[in-house]
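Here the structure is laid out as structure tokens; the discussion comes afterwards.
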Amino acid sequence: MRVWVVAPALLALAGCATGSFTYVESAPPRPVPEPETLAKRLMAMQPDWPKPRRLDCAETGCVALTFDDGPGRHTGRLLNILRARDVKATFFVVGEMVAAGQGAQRVRQMVADGHELGNHSWSHRQLTALPKSRIRRQLRRTDRLVRSLTGVRMRLMRPPYGSTDRRVAALTRHRGQAQILWNVDTFDWRDRVPAVVARRGARAEPGSIVLMHDIHRTTVKAVPGLLDRLTRKGYAFATVSELYGRRPKPGKKYEDDIPPLAEDRR
């Protein structure tokens with residue numbers, strides 16, 4: 105702390121009353137972290153994000169909406185739609201997309217909103233066509249980037265094009281990640297008509313994993329209608345891990361072996 109004593113003559117020149125004057129300069133306040141920085145610190149303390157909700161998919165008809173290849177220019181709008189409807193989804197992100205543009209901001213928002221993240225490789229290469237060293241690099245680079253940005257260690261992965269083999273399974277098992285495929289394909293990458301995408305996604309049944317891509321504007325535009333259709337059927341929306349009711353087993357391939365509902369087990 106600094107203490108300044110100002111002479112009466114100087115005070116008179118400044119138009120102040122004569123007399124002694126003491127000016128106390130306190131230490132500057134500590135800077136407040138930016139919201140994103142604070143969120144990153146908090147997320148780093150929670151490696152098992154997203155936190156489990158009270159959602160029992162063995163009792164309730166759950167559907168997992170999954171989005172590949174982003175984050176892209178339309179992902180922000182999709183996140184706004186999901187947040188407004190309190191819907192949780194699973195995003196399989198591509199490392200190059202996370203590193204580009206607003207990718208970092210988008211993955212942080214996904215985590216803050218309680219969505220689940222999965223690894224979709226670094227550059228969307230067909231992993232089965234690569235040597236083991238390059239498969240490992242494709243997964244490791246994306247894992248490291250996402251963890252550095254969010255503090256989250258991804259427990260899921262989706263091989264690009266759904267192409268996998270024993271080598272991919274062994275490497276993902278070593279990395280502690282389950283292979284998540286799908287059993288409802290909207291073909292939104294091919295037929296970019298929102299009504300068509302929504303109709304195909306609405307074919308989902310309890311336990312379905314629905315494949316979409318958040319890099320397409322038409323897919324994002326289809327989501328509200330798809331949510332309406334599935335909600336009318338009485339379905340709940342879950343992340344992939346919530347759908348299984350447990351953390352999927354590393355290395356294993358999941359696509360249509362969804363646990364049955366409670367009434368089906370009786």
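Sequence positions in the sequence shown follow my numbering and run 105 to 370.
Even glycine gets a Cβ: it sits at the ideal position worked out from N, Cα and C.
In this model, V327 and G311 are separated by some 19 angstroms (Cα to Cα). Distances from the CA of A204 to each of S237, D247, G174 were compared; the closest alpha carbon is that of G174. Taking one beta carbon from each stretch, the stretch 297-307 and the stretch 251-269 have fewer than 3 pairs nearer than 8 angstroms; the two do not touch.
T246 sits in a helix when the DSSP states are folded into three classes.
Collapsing the DSSP output to three states places N223 in a strand. The beta carbons of N223 and M261 sit about 4 angstroms from each other, so the pair counts as a contact at 8 angstroms. Counting along the chain, I185 sits inside the alpha helix (DSSP H) bounded by residues 179-189.
Around the beta-carbon of R210, 16 or more other beta-carbon atoms lie within 10 Å, marking it buried. Looking at the backbone, the Cα of D172 and that of L253 are separated by about 19 angstroms.
In the three-state DSSP reduction, Y348 falls in the helix class (H, G or I). For R333 against R259, the beta-carbon gap comes to about 30 angstroms, at or over 8 angstroms, which does not count as contact. Sequence-distant partners of R189 (beyond 5 residues in either direction) whose C-beta falls short of 7 angstroms from its own C-beta, in its chain, are L331. Apart from the 5 residues on each side of it in sequence, R229 sits with its Cβ closer than 7 angstroms to the Cβ of Q242, P264 in its chain, given in chain order.
Close CB contacts of G207 within its chain, under the 6 angstroms cut and outside five residues either way in sequence, are with P175, M201 (chain order). Contact check between the stretch 307-326 and the stretch 271-290: three or more CB pairs, one atom from each, fall below 8 angstroms, which counts as touching. DSSP, reduced to helix, strand and coil, places A308 outside both helices and strands of the structure shown, so it counts as coil.
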